[in-house]
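In order, the protein sequences belong to chains L and C.
Start counting the first sequence at 1; every next residue gets the next number (this note's numbering).
Start counting the second sequence at 1001; every next residue gets the next number (this note's numbering).
We put the beta carbon where it would ideally sit given N, CA and C, even for glycine.
Accompanying notes for the structure given below.
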Amino acid sequence: MRTTTAQQDFIRGIWKENPVLIQMLGLCPALAVTNSVANALAMSGATFFVMSCSSVLISTCKRFIPHEVRISAYILVIATFVTLADMLLQAYAPAQHKELGAFIALIVVNCMILGRQESFSSKNTVFRSLLDAFGTGIGFTIALVMMGGFREILGTGSFLGFPLFGPNFEPWVIMVLPAGGFLTLGFILLALGAFEQHKKDKAPRKQVQTVEASS
Amino acid sequence: MSQDNNSNGNRIDVDIQVENSDTAAAQDAPAPEEVSTFRLVATLAVAGVLAGLLIVLVNLHTKPIIDKYKAEQLQLAVYEVLPGVERYDTYYLVNDTLSLALPAGAKESEFKRVYVGRNSEGQATGVAISRGESGFQDVIMVIFGYDPIGGTLSGMKILDSKETPGLGDKIFKDMNFVDQFFKGPETPLLGVKTGAGKGQPNEIDMITGATISSKAVIGIINHALEEWKPILDKGIPEAPAVAESAEVAQ
């Protein structure tokens, strides 16, 4: 009945169905808190934690949750873990917590997490759900760090706080402002789209060539 | 359920098919009978209680750490804006006078307060005051040191702000701006455009590109002094224990 292997469940979220770059989910944090790599990492870490815990809990309890109230139950579970993540970050990483501010609490409404619970964890085993959460979480991290790196390098001339260029570098302030988030996402999606298109164009041409060569 | 995300192109199609076969199988297994309202409510109630318990447990663990960190940050800030003080006492504003003790049964968080810094002889040499007001984006929390005798500032630190990165955040990242508050400017402060000052002792050069944020900082300090100066002018009550000859600002 199942057509995917455990490996596929894990890999899928990382690239082929990357939550941000392909599915366009969780764009709010991807745009809002990626003005530095450190913030992107803290946000991904918190989201990763919330998603993994919620996936395990929901796939464990899926039999007890009546179909009619499943969304409320998922939100309740997710909100609980977000509150925990909020308190833990505040205690152990106060600097990042200050930077991320309200966006930690807004993980609750990250549709990527709810989406995974509804479409995967509620129908699959605990192990598969955990793999799926890990994969999606890593995919989310990759996307955020990619954006954070791009914006931090151009916007402040540093990477993870280490200055990259000489003192004469004039930072592109716009890249760390909200507008820079949209620009960065746009360029990354453009590059990805161009890459996909390129691959598509190439594939049939190759066939034609091989046909010509064989004839 | 999952069909509505077909706008994402062919990549998701595979997944949708898998999900459909799963939902079909899941619907076959339990007969589609009505679940009682009681069970719906009970499930959510139980889940809510468990969630609440979990949050309380973690909060018990993290609250002391968070409070300790906040207290440390505040302490650091007080010593930073009052250079040269040995220790400081927290005075609360009770019935328009400064008092070290709170009325019995009162909550600490309900009272406004100042931090009075004392030198090694126990003399009050400066007062640290914190205040928050709207900046460009959100409330800016400022703590500053004030010398009630000379009427000058001894330092300023931004405790909390969400000002625009790269522009408004210069109010704490641009040392040329911050240092001006440590050079003992007279009060009330007057914000001027860089280079347009007339050399008055109460002028602060504002940051180009962050006019609103720098104006806000200057405004916060002036408003705080307007509020506290009459109270401080009445005199700071003597410090307990250590200070015998505590000479107090009049």
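- Apart from the 5 residues on each side of it in sequence, Thr-34 of chain L sits with its Cβ closer than 7 Å to the Cβ of Ala-40, Leu-144, Met-147, Gly-148, Arg-151, Gly-181 in its chain, given in chain order.
- Between the alpha carbons of Val-82 of chain L and Val-37 of chain L lies a distance of about 21 Å.
- Within the same chain, and ignoring the five residues on either side of Gly-1145 of chain C in sequence, the residues whose Cβ sits closer than 6 Å to its Cβ are Val-1081, Leu-1082, Gly-1126, Ala-1128, Ser-1154, Gly-1155.
- Within the model, the alpha-carbon separation for Ile-174 of chain L versus Ser-158 of chain L is close to 15 Å.
- Taking every protein chain shown into account, the CB of Glu-1226 of chain C has fewer than 16 other CB atoms within 10 angstroms, so this residue is exposed.
- Phe-127 of chain L: member of the alpha helix (DSSP H) spanning 126 to 156, first to last residue.
- Taking Ser-1134 of chain C as reference, the option from C:Gly-1052, C:Ser-1214, C:Gly-1209 with the minimal CA-CA separation is C:Ser-1214.
- Residues of chain L with a Cβ closer than 9 Å to the Cβ of Val-1035 of chain C are, in chain order, Pro-66, His-67, Glu-68, Val-69.
- Close partners of Leu-84 of chain L in chain C (Cβ separation under 8 Å): Leu-1054, Ile-1055, Val-1058.
- Under the 8 Å criterion on CB atoms, Met-147 of chain L is classed as non-interfacial with respect to chain C.
- Ala-1224 of chain C sits close to Arg-1131 of chain C, with the two beta carbons spaced by under 8 Å.
- No Cβ of chain C is located within less than 8 Å of the beta carbon of Val-56 of chain L.
- Following the DSSP letters along the chain, one finds Ser-59 of chain L inside the alpha helix (DSSP H) bounded by residues 37 to 61.
- Residues of chain C whose Cβ lies closer than 7 Å to the Cβ of Val-173 of chain L are, in chain order, Gly-1166, Leu-1167.
- By the rule that beta-carbons nearer than 8 Å mark a contact, Lys-1162 of chain C touches chain L.
- DSSP links Ser-1161 of chain C through a beta bridge to no other residue.
- Ranked by Cα distance from Leu-1074 of chain C, the options C:Ile-1158, C:His-1061, C:Phe-1111 are led by C:Ile-1158.
- Distance from the CA of His-1061 of chain C to the CA of Ala-95 of chain L, rounded to the nearest whole angstrom, comes to 19 Å.
- Taking 8 Å as the cut-off, the beta carbon of Val-1058 of chain C is found closer than this to the beta carbon of Leu-84 of chain L.
- Glu-1203 of chain C and Tyr-92 of chain L have their C-alpha atoms spaced approximately 41 Å apart.
- Annotated three-state conformation of Met-24 of chain L is coil, per DSSP.
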